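Structure record follows, encoded as structure tokens.
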Amino acid sequence: MTSALADSSAAFPKAGDKLPPQTFGPFDMPHLARYADVSGDTNPIHLDAALAQQAGLAAPPVQGMLLMGAFEPALAAWQPNLVLQRLSAKFLRPVLAGESIVVSGRVGSVAGGRVTLRLMAHNAQREIVVLGEAALIAASGA
2 MTSALADSSA AFPKAGDKLP PQTFGPFDMP HLARYADVSG DTNPIHLDAA
52 LAQQAGLAAP PVQGMLLMGA FEPALAAWQP NLVLQRLSAK FLRPVLAGES
102 IVVSGRVGSV AGGRVTLRLM AHNAQREIVV LGEAALIAAS GA
């Protein structure tokens, strides 16, 4: 954990605070296969390079829920005394096997002990691939 993450967890977040960028990946084929096994998302386009190419992709796309799942550990590392209450995401473009994402975000509002963030995941070309929103609340006993 970097000092920026450790320092930002000391105070309750306020509007405008940033979730420091964190890299996840690269998402390799064994990772996609393991995720398919545990999630039940066995859509063959995620596991078959030839099928992905037939669909016009250079490689199999990473499962959307696997990408969305990267937000939670980024949030937990940033603010360990808060817990995720709600998470939503919109997938804007595919992330392909072998690629990584960089997750970041910004606090939009803080009200009634609830912190709402706007989240983003970028690819190596700095294109936004996932937009999300998260609501966090204080952990019990925190």
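In this note's numbering, the protein residues as written are 2 to 143. Cβ atoms here follow ideal geometry from the backbone N, Cα and C, with glycine treated the same way. Here the structure is a predicted model, which means the values were calculated and not measured.
N- and C-terminal bounds of the beta strand (DSSP E) containing residue i
i    : result
S166 : Any answer about residue 166 is impossible in this case: the structure gives the chain only from 2 up to 143.
R119 : R115 to H123
G133 : I129 to A139
Whole-angstrom C-beta distance between residue j and residue i, which should lie under 8 Å
i    : j    : result
G106 : L120 : 4 Å
Alpha carbon of residue i to alpha carbon of residue j, nearest angstrom
i    : j    : result
V157 : Q55  : No information on residue 157 is available, as it lies outside the stretch 2 to 143 that the chain covers here.
R127 : P14  : 26 Å
A143 : G57  : Low confidence applies to A143: its pLDDT is 49, below 50, so where it sits in the model is not reliable enough to give any reading.
A50  : I102 : 20 Å
R94  : Q23  : 19 Å
Could you check whether the region 76 to 95 touches the region 128 to 142, counting it as contact only if at least three pairs of C-beta atoms, one from each stretch, sit closer than 8 Å? yes
Practice problem: Could I get the ranges of all uninterrupted alpha helix (DSSP H) runs contained in the region 19 to 100, with 4 residues as the minimum, in chain order? | Solution: 30 to 40, 50 to 55, 65 to 69 and 72 to 79
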